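*Asks:*
In our numbering, the protein residues as written are 5 to 255.
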């Protein structure tokens, strides 16, 4: 599989994420898909279990308001396809018009109605999604969408090819991601707050951290307390655990 991905990657030699995404859309179009969505999040779920809004979301040939709704209006958090993708390691077909014949069987509720209505009202009733669970906990989905009804069987025929394209694309674009994409945005800590928490994770006291950073104990304590407040932690141990969940101490 790795060799196949490397060979397929030759056709996706791009120096920008947008350029590679345009090529991916061209390739998925040849498979019969009318629209394409890609998203990446370094941490897929919050500690409360909610889906975290992606740090990178690309959409092609979708309604103009779709990206805003998914990023800013909470549609991503109630998207049943995304919820199913997080629980799956295999590509799958979905349909809002015929959910009982696809992965959405018994998964649609009133909570999902904004997404269900939007997809059907905008003629995007079915498609396929490839979930990619990455090293270090990152998560990706590549979704091809069909306009019109009755394409579920056609989608099954190209599921393997879509999966290979998704793997190839991710292999090509991941080196292009900068720190703004690779950093979880669910909780935002300053550089100094992250630094102090990193030393706290090593077992250092505020006094020892102050000596390391050549700062006063009061300043270090302020940074640690501020970080704990942002993370919703009641003490430093909990703050470190929560920061590690959100991969804020990785660097």
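Don't be surprised by glycine CBs; every beta carbon is placed ideally from N, CA and C. A quick note: this is a predicted structure, and the numbers were derived from the prediction, not measured.
Which residue comes first and which comes last in the beta strand (DSSP E) that contains residue 137?
*Replies:* By one-based count along the chain shown, residue 137 stands at place 133. Where residue 137 is concerned, the enclosing beta strand (DSSP E) stretches over 130-137.
*Asks:* Grab the span of the beta strand (DSSP E) containing residue 39 for me, first residue to last.
*Replies:* Stepping through the chain shown from its first residue, residue 39 is reached at position 35. Its beta strand (DSSP E) spans residues 39-45.
*Asks:* Grab me the residues of residue 115's own chain with a C-beta within less than 6 Å of its C-beta, minus the 5 sequence neighbours each way, in chain order.
*Replies:* Looking up residue 115 in the chain shown gives position 111. Answer for residue 115: 82, listed in chain order.
*Asks:* Alpha carbon to alpha carbon, how far is residue 57 from residue 159?
*Replies:* For the purposes of this step, residue 57 is identified with residue 53 of the chain shown, where counting begins at 1. For the purposes of this step, residue 159 is identified with residue 155 of the chain shown, where counting begins at 1. Near 27 Å, if we compare the C-alpha coordinates of residue 159 and residue 57.
*Asks:* Take every Cβ of the segment 131-140, pair it with every Cβ of the segment 21-31, and state whether three or more of those distances are shorter than 8 Å.
*Replies:* Because the criterion of three Cβ pairs below 8 Å is not met, the segment 131-140 and the segment 21-31 do not touch.
*Asks:* Going by CA-CA distance only, name the one from 30, 226, 90 that's closest to residue 53.
*Replies:* Taking the chain shown and counting its residues from 1, one reaches residue 53 at position 49. Ranking the options by Cα distance to residue 53, first place goes to 90.
*Asks:* Helix or strand or just coil, what does DSSP make of residue 207?
*Replies:* Working through the chain shown from its first residue, we reach residue 207 at position 203. Note: residue 207 maps to coil in three-state DSSP.
*Asks:* Cβ of residue 60 within 9 Å of Cβ of residue 44?
*Replies:* Along the chain shown, read from residue 1 onward, the residue named residue 60 stands at position 56. Along the chain shown, read from residue 1 onward, the residue named residue 44 stands at position 40. Yes, these two residues count as a Cβ contact at 9 Å.
*Asks:* Give me the Cα-Cα distance between residue 35 and residue 126, rounded to the nearest whole angstrom.
*Replies:* Along the chain shown, read from residue 1 onward, the residue named residue 35 stands at position 31. Along the chain shown, read from residue 1 onward, the residue named residue 126 stands at position 122. Near 21 Å, if we compare the C-alpha coordinates of residue 126 and residue 35.
*Asks:* Could you name each continuous beta strand (DSSP E) segment of 3 residues or more that falls completely within the segment 64-125, going from the start of the chain to the end?
*Replies:* Whole beta strand (DSSP E) segments, 3+ residues: 96-99.
*Asks:* Under the DSSP definition of a beta bridge, which residues are partnered with residue 149?
*Replies:* Position 145 of the chain shown holds residue 149. Residue 149 is bridged to 39, 131.
*Asks:* Can the beta-carbon of residue 88 be found closer than 9 Å to that of residue 107?
*Replies:* As a working mapping, residue 88 is identified with position 84 in the chain shown. As a working mapping, residue 107 is identified with position 103 in the chain shown. Contact flag set, yes.
*Asks:* Taking all protein chains shown into account, do 16 or more other C-beta atoms lie within 10 angstroms of the C-beta of residue 256, making it buried, or fewer, making it exposed?
*Replies:* This structure leaves residue 256 out entirely; the chain is present only between 5 and 255.
*Asks:* Out of 244, 230, 152, state which residue places its alpha-carbon closest to the alpha-carbon of residue 101.
*Replies:* Within the chain shown, residue 101 is the residue found at index 97, counting from 1. Taking only the C-alpha atoms, the option nearest residue 101 is 152.
*Asks:* Where does residue 48 land, buried or exposed, given buried means 16+ other C-beta within 10 angstroms?
*Replies:* Counting from 1 along the chain shown, the entry for residue 48 is found at position 44. By the 10 Å Cβ count, residue 48 comes out buried.
*Asks:* Could you give the first and the last residue of the continuous alpha helix (DSSP H) run that contains residue 237?
*Replies:* To locate residue 237, count along the chain shown from 1; it is residue 233. Careful: residue 237 lies outside any alpha helix (DSSP H) and carries neither H nor E.
*Asks:* So if DSSP puts residue 60 in a beta bridge, which residue, or which two residues, is it bridged to?
*Replies:* The residue labelled residue 60 in the question sits at position 56 within the chain shown. According to DSSP, residue 60 bridges with 44.
*Asks:* For residue 173, report the span of its alpha helix (DSSP H) as first-last.
*Replies:* In the chain shown, the residue the question calls residue 173 occupies position 169. 163-177 is the span of the alpha helix (DSSP H), which, as asked, contains residue 173.
*Asks:* Comparing alpha-carbon positions, which option in 181, 198, 196, 72 lies nearest residue 46?
*Replies:* Within the chain shown, residue 46 is the residue found at index 42, counting from 1. Nearest of 181, 198, 196, 72 to residue 46, Cα basis: 181.
*Asks:* Which term fits residue 31, buried or exposed, when burial requires 16 or more other beta carbons within 10 angstroms of its beta carbon?
*Replies:* The residue labelled residue 31 in the question sits at position 27 within the chain shown. It is buried - the Cβ of residue 31 has at least 16 other Cβ atoms within 10 Å.
*Asks:* Which class does residue 55 belong to by DSSP, given the choice of helix, strand or coil?
*Replies:* Within the chain shown, the letter at position 51 stands for residue 55. Correct three-state label for residue 55: strand.
*Asks:* Please state the DSSP three-state secondary structure of residue 196.
*Replies:* For the purposes of this step, residue 196 is taken as the residue at position 192 of the chain shown. Residue state, collapsed to three classes: helix.
*Asks:* Using DSSP's beta-bridge definition, name the partner residues of residue 49.
*Replies:* Along the chain shown, one-based indexing puts residue 49 at 45. According to DSSP, which records beta bridges pairwise, residue 49 is partnered with 55.
*Asks:* Going by the beta-carbon positions, is the gap between residue 246 and residue 235 smaller than 9 Å?
*Replies:* Counting from one through the chain shown, the residue named residue 246 turns up at place 242. Counting from one through the chain shown, the residue named residue 235 turns up at place 231. Yes, the pair counts as a contact, with Cβ atoms nearer than the cut-off.
*Asks:* Taking Cβ positions, are residue 216 and residue 226 nearer each other than 9 Å?
*Replies:* Counted from its first residue, the chain shown places residue 216 at position 212. Counted from its first residue, the chain shown places residue 226 at position 222. Cβ distance not < 9 Å, so residue 216 and residue 226 don't count as in contact.
*Asks:* Taking residue 103 and residue 163 to be in contact with their CB atoms under 8 Å, please state how far apart those CB atoms are, rounded to whole angstroms.
*Replies:* What you label residue 103 is simply residue 99 of the chain shown in a count that begins at 1. What you label residue 163 is simply residue 159 of the chain shown in a count that begins at 1. That pair is no contact at about 18 Å.
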